Amino acid sequence: MAEKVKKLGVRRQGGYLYFITKKGDVGRARMARGGKRGGGKIEVVAKAGVNKAKGYLYFLDKAGDISRAKMARGGKRRAKKSRRRR
Numbered sequence: 041m042a043e044k045v046k047k048l049g050v051r052r053q054g055g056y057l058y059f060i061t062k063k064g065d066v067g068r069a070r071m072a073r074g075g076k077r078g079g080g081k082i083e084v085v086a087k088a089g090v091n092k093a094k095g096y097l098y099f100l101d102k103a104g105d106i107s108r109a110k111m112a113r114g115g116k117r118r119a120k121k122s123r124r125r126r
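Take a look at the structure:
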């Protein structure tokens, strides 16, 4: 399902959203909780410099490493609704 791209071992701190930046580093931003505003300044937690490939979702896994998973595209077509005749 997901494959590890780079081992970093980033320790997470509560109240922050962790993500992979456009440059391929690990960043974090304050989360909005209890009426308080989130967002604000983005901190770079770890410099990784991962080159992102198209069609993959990059994320920070439970171990604090950068992993990627193939993005679901298209999906399954829905069945047409059948009309009821009177």
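Heads up, the sequence shown is in the working numbering, so the first residue is 41 and it goes up one at a time.
Backbone N, C-alpha and C fix where the C-beta goes; we use that ideal spot for every residue, glycine too.
Just so we're clear, the structure is a prediction, and the values are computed from it rather than from any experiment.
Grab the span of the beta strand (DSSP E) containing residue i for me, first residue to last.
i: residue 95; result: Taken as a continuous stretch (DSSP letters only), residue 95 belongs to no beta strand (DSSP E), as it is neither H nor E.
i: residue 42; result: 42-46
i: residue 126; result: Looking at the DSSP string, residue 126 is not in any beta strand (DSSP E), and its letter there is neither H nor E.
i: residue 112; result: Careful: residue 112 lies outside any beta strand (DSSP E) and carries neither H nor E.
Taking 8 Å as the threshold (C-beta atoms), are residue j and residue i in contact?
i: residue 109; j: residue 96; result: yes
i: residue 58; j: residue 73; result: no
i: residue 45; j: residue 107; result: yes
i: residue 47; j: residue 101; result: no
i: residue 49; j: residue 119; result: no
Considering only residues of the same chain and omitting the five flanking positions on each side of residue i, which have a CB-CB separation below 7 Å?
i: residue 71; result: 55, 56, 57, 78
i: residue 99; result: 60, 107
Spatial neighbours of residue i within its chain, please: C-beta separation below 8 Å, excluding the five flanking residues on both sides.
i: residue 84; result: 61, 65, 66, 67
For residue i, count the other beta carbons within 10 Å of its own beta carbon; 16 or more makes it buried, fewer makes it exposed. Which is it?
i: residue 88; result: buried
Considering only residues of the same chain and omitting the five flanking positions on each side of residue i, which have a CB-CB separation below 6 Å?
i: residue 90; result: 45, 46, 64, 106
If you scan the stretch 50-96 from start to end, which runs of the alpha helix (DSSP H) of 4 or more residues do you find wholly inside it?
Annotation note: the stretch 50-96 contains no uninterrupted alpha helix (DSSP H) run of length 4 or greater.
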